[in-house]
Amino acid sequence: MKKYVMKYLHTFEDWLNEKVDLPKNTYVEMSSRDAAEYADDIIDLINKAYAHVGGNIEFKSANDIRNSDVSYWILKDIDNDPDPEIAFGGKDTPKGKKITVMSQDGSSPAKKDAILKMIELMKTRGFYAELDKDLAQKLGLPSIRDEKRVREVLQRELEWHNDGSYVRDIGGSKHEKVLVGLPK
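Counting with our numbering, you get residues 13 to 196 for the letters of the sequence shown.
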């Protein structure tokens with residue numbers, strides 16, 4: 013009897029801890045805890061999306077996702093398998109949600125969907141991101157060109173350029189960025 017009960021509880025615990033399939037074609041917002049269940053899937057998407065630039069600065073492994081201060085995650089499953097093809101991550105700040113990672117599986121449908129979602133988020137009050145200048149232009153996202161406002165939102169040391177771009181230290185190296193979106 014005891015063996016049966018222990019086996020049942022083990023199976024029940026496994027069932028409780030098992031990640032649930034995402035609904036199809038819908039962005040699902042997740043807590044950090046829920047996103048941790050998808051950490052292996054998310055890191056695969058990040059690695060694919062950032063491979064052309066040598067990887068993501070913040071996320072190198074699934075444990076980086078599990079131990080991150082990223083508190084806003086949205087995932088989307090757009091194909092026949094149960095795994096997500098798109099993932100966004102962001103941090104809560106006094107100025108809103110700062111999107112810090114945008115990833116997808118490299119397929120044309122996922123790339124297109126992720127781009128459209130990024131544009132939608134950046135047109136939503138309380139969302140913003142630091143992007144490479146070329147990416148912001150490619151997405152048609154205007155940068156915030158008011159130096160005082162950019163400094164107020166970021167609260168970081170930066171070297172301002174007259175075109176609205178700036179250089180700042182991210183992960184121990186200098187990066188040129190622009191601020192896009194509608195921070196509070």
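Positions of the beta carbon are idealized from the N, C-alpha and C atoms, including for glycine. All values derive from a computational prediction rather than experimental measurement.
query, result
"Let's see if you can read the secondary structure: which residues bound the beta strand (DSSP E) around A99?", "98-105"
"With distances taken Cα to Cα, identify the nearest neighbour of S155 among K124, L191, T38, N92.", "L191"
"As a quick exercise: from E188, D175, G152, pick the residue whose alpha carbon is nearest that of E169.", "E188"
"For the alpha helix (DSSP H) that contains D46, what are its first and last residues?", "44-49"
"Is R163 helix, strand or coil when you go by DSSP?", "helix"
"For L191, which residues does DSSP report across the bridge?", "E142"
"Can you tell me which of the three DSSP states F24 falls into?", "Only weak support exists for where F24 lies, its pLDDT of 41 falling under 50; the coordinates are left without a value."
"In the structure shown, what three-state DSSP assignment does G183 receive?", "coil"
"In whole angstroms, what is the alpha-carbon distance linking L57 and G138?", "25 Å"
"Taking its Cβ as the centre, do 16 or more other Cβ atoms sit within 10 Å of Q167, making it buried, or is it exposed?", "exposed"
"I'd like the ranges of any beta strand (DSSP E) spanning at least 3 consecutive residues and lying wholly in the stretch 52-129.", "84-88, 98-105, 108-116"
"So which of Y50, D144, R161 has the shortest CA-CA distance to P96?", "Y50"
"Using the Cα positions of S80 and G101, report the straight-line distance between them to the nearest angstrom.", "10 Å"
"What three-state label does DSSP hand K135 in the structure shown?", "coil"
"Taking Cβ positions, are K110 and Y140 nearer each other than 9 Å?", "yes"
"Under 9 Å between the Cβ atoms of S83 and S115?", "no"
"Ignore the nearest five residues each way along the sequence and tell me which others in N68's own chain have a CB closer than 7 Å to its CB.", "I58, Y62, V113"
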